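Protein chains in written order, with the UniProt record's numbering: chain A, 1 to 283; chain B, 1 to 283; chain C, 1 to 283. Here's the structure we're looking at; comments come further down.
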């Protein structure tokens, strides 16, 4: 956890951050994001491109969706982070995703795999396996998707999760250990693991599941934060915390999912490090 | 009309619901939708995917946009309902649409055809004819599109309707009788027919035409409601009524089409059966 | 400047409008737009299609996104104006763009080229050169894109502009002189030139850059206004002024980019000619 100085550690015998240090570092990383404006290439599904770009802009990152072959690879080399989301994987996008993952690996660009609705749908399931073998920096999905990706279950019914988050811990740990990725399982409590440590982030609001792209856009924010520090367990916790703290602030003043979405973008924009630190619920 | 009990009928000599029964059943079906969370596969145009998904989530359905060949068919078998919208019909989507319609027919999944801008544009017009021959459960369009689809006119100029709704009744009736579909013609008053009975739904607000996807998203809601009861004249009237009641509630507190859109999503989410029943204007 | 009557001219020795006349004519053209409801075909990137269509609807134009081969050309013949935006140029869209540009030229339909992120990305850069050779009516981009298009620089890093607007004046003038297009460079002050005269429009707000499509949708509005008068320097100034006046009115009552977006659509809808005239900052 490079952002932490040694004397801040509550676990002097290990290099692992304490829960309080995760909260503190989440605020630090938000400040760092605003200083650097990371450029995030999002090759994502047709439903959520607009919301994803607006989330990145609101929090302080720069979005780009360079998603065609021969352009996706060169762009992944200059991007700060890359998101590959399998929601509507047309042929050109599939080719572009493999190109981007390979170029990102070559250039050292962190990249996030979001295996939307893998399981019984053949094209995306094969593509997810191919991309997982390229060793993503982070894997994000709901419980059903993580279980399906690990080969332990039969997948969900589209983008819903029909499994509880805790039921996916075994699968998440297995993916993390075999691929080297940090794995984030979204749900009422987000569970994040690097294959050894398991961190639970419990901010957020259910309306985030009633705005399409509420989960998908988090994948892009994970990519943005991954560019800020080499400790990707930490950056994933920080991104998740900042994102879900903004969601709960927005929900508190909204009437339904319609008014929630613009309020969420406002709060991502207005969010400051102290608010993240004081409201973070991390265990 | 399976939702109606015999003693509620005002037309004891027939099996046709009365106008008051349509309003009452519209509320019942909204409750049923919230109980079942129907999964709606929307293969729709690139402009409205996001809004369509948010409309489905707001009213209580689950959206998915599985729109590539070899995935669209298997998904249509497990979906509660399917929407095929011809707004931006790229080659992969066209193949996926035919695959989804065939699989939906095979599995008994109700499906909606929205023949956006058919008439003089060659690709979508040929595709609409092909899909119509596969006998959609419901056809939804504006007057120009319905007239063009019936081969009675020359089509509109894009997504506008240049024809009055009543001018499309002959075309709508012809389509219904030859294809077996319930046909819904959108306009200030929506006209819905199964080829025999004609029902007019007069809720709504003009701002729904100033939010792109205001008509297209209704197609997805028609698919959601079609999964709830075998009487598709009834489910189409109910979906249209719930949708347009939410629109007029939203418009009453909005300043323009920008603030109307999130308010509409809020009201779809907050809408209850009694409000639908008391505000429904059905003739 | 056909909208101006001779006695209104402050430059009687030339046919060039004065700054005050630009402001006055901007209001006139907004009124004319509402009378005519120009039909704007937008072949644009996947991120901004929804916002672009909503902007056109809000200001009083009619959007259509007919973006596949064999349909794009016929549609460009009947459209009032065409936007070609290179943000996510899939193969079918690329073919459709060339088809639309050729048909637009043949039919006399004005068209706008937005060379998003041209420079080091190979596909769009080659396509931009091909389209520029077809002599667009208007070219719109940020400083980096305009410099790259003129072959004078190395391009930006995606959709950001890393160059100041004034640094692009030489490039903009060169493009205008060689292609015959009016060139609009977006920034805190928009610079617009026909290769001879340079006009600066200074309305707007920074939040327009934090809503994805804030620049791209302006391209569609430029196409709408271009259909209203043959003086495309004037129509470009008028479109830019109306658009950015609405933005600053919206920003004044918003809390962040999330609430700004619907407020912006409301103000585009509510905007009247006198407000445009009184708030215009043109030099």
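A virtual CB, placed ideally from N, CA and C, is assigned to each residue, including glycine. Small disclaimer: the values here were computed from a predicted structure and weren't measured.
For the pair residue 227(A) and residue 108(B), the Cα-to-Cα distance works out to about 48 Å.
Beyond the five residues adjoining it in sequence on each side, residue 97(C) comes within less than 6 Å, by CB distance, of 43, 84 in the same chain, given in chain order. Closest option to residue 31(A), judged by alpha-carbon separation, among 238(A), 101(A), 90(A), 165(A): 238(A). Taking 8 Å as the cut-off, the beta carbon of residue 265(B) is found closer than this to the beta carbon of residue 258(A). When Cβ-Cβ separations below 8 Å define contact, residue 251(B) makes no contact with chain C. Residues of the stretch 75-98 of chain C with a Cβ closer than 7 Å to any Cβ of chain B, in chain order: 75, 78, 92.
Within the DSSP bridge table, the entry for residue 193(C) names 183(C), 198(C) as partners. The residues 260, 263, in chain order, have a CB closer than 6 Å to that of residue 254(C) in the same chain once the five nearest residues on each side in sequence are set aside. From the listed residues 117(B), 246(B), 206(B), 18(B), the smallest Cα separation to residue 221(B) is found for 246(B). Selection 281(C), 224(C), 267(C), 251(C) evaluated against residue 62(C) yields 224(C) as nearest (Cα-Cα). Inclusion of residue 104(B) and residue 118(B) in the CB contact set at 8 Å is not warranted, their separation being larger than that value. Considering only 49(B), 34(B), 33(B), 132(B), the residue with the shortest C-alpha distance to residue 213(B) is 49(B). A distance below 7 Å between beta-carbons, with the five flanking residues on each side excluded, links residue 60(A) to the following residues of its chain, in chain order: 33, 34, 37. 207(B) is the residue among 278(B), 277(B), 207(B), 218(B) whose C-alpha sits nearest the C-alpha of residue 250(B). Take residue 205(C), set aside five residues on each side of it, and the residues of its chain with a beta-carbon closer than 6 Å to its own are 247, 248, 251, in chain order.
With respect to chain A, the C-beta atom of residue 22(C) has no partner C-beta closer than 8 Å. According to the DSSP assignment, residue 140(C) belongs to the beta strand (DSSP E) that extends over 138-142. Beta-carbon to beta-carbon, residue 201(C) and residue 173(C) are separated by about 17 Å, too far to satisfy the 8 Å threshold. Contact between residue 123(B) and residue 71(C) is confirmed by a C-beta separation of about 5 Å, below the 8 Å threshold. In the three-state DSSP reduction, residue 112(B) falls in the strand class (E or B). Separation of the CB atoms of residue 195(C) and residue 176(C) is rounded to 3 Å, and the pair is thereby assigned contact status at 8 Å.
In the three-state scheme derived from DSSP, where H, G and I count as helix and E and B as strand, residue 40(C) is classed as strand.
The alpha-carbon separation between residue 130(C) and residue 52(A) amounts to approximately 31 Å. For the 8 Å CB-CB criterion, residue 116(B) and residue 137(B) do not form a contact. Given a length threshold of 4 residues, each whole run of the alpha helix (DSSP H) inside the stretch 18-98 of chain B is given here in chain order: 19-36, 49-59, 72-78.
The beta carbon of residue 93(B) sits closer than 7 Å to those of 43, 67, all from its chain and outside the five residues before and after it, given in chain order. Contacts with chain C at 8 Å (Cβ-Cβ) do not include residue 136(A). Sixteen is the threshold: when 16 or more other Cβ atoms of the shown chains lie within 10 Å of the Cβ of residue 23(B), as they do, the residue is buried. Boundaries of the alpha helix (DSSP H) around residue 267(A): 257-270. With a cutoff of 8 Å on beta-carbon distance, residue 184(A) and residue 236(A) are scored as near each other. Taking a contact as a CB-CB distance under 8 Å, the pair residue 186(B) and residue 218(B) counts as one, their CB atoms being some 7 Å apart. Close CB contacts of residue 91(B) within its chain, under the 7 Å cut and outside five residues either way in sequence, are absent. Close partners of residue 51(A) in chain B (Cβ separation under 7 Å): 50. When CB distances to chain C are screened at a threshold of 7 Å, the residues of the stretch 61-73 of chain A falling below it are 62, 63, 64, 65, 66, 67, 68, 70, 71, in chain order. Within the stretch 36-49 of chain B, contact with chain C at the beta-carbon level (separation under 9 Å) is assigned to 45, 46, 47, 48, 49. Residue 234(C) and residue 272(C) have their C-alpha atoms some 18 Å from each other.
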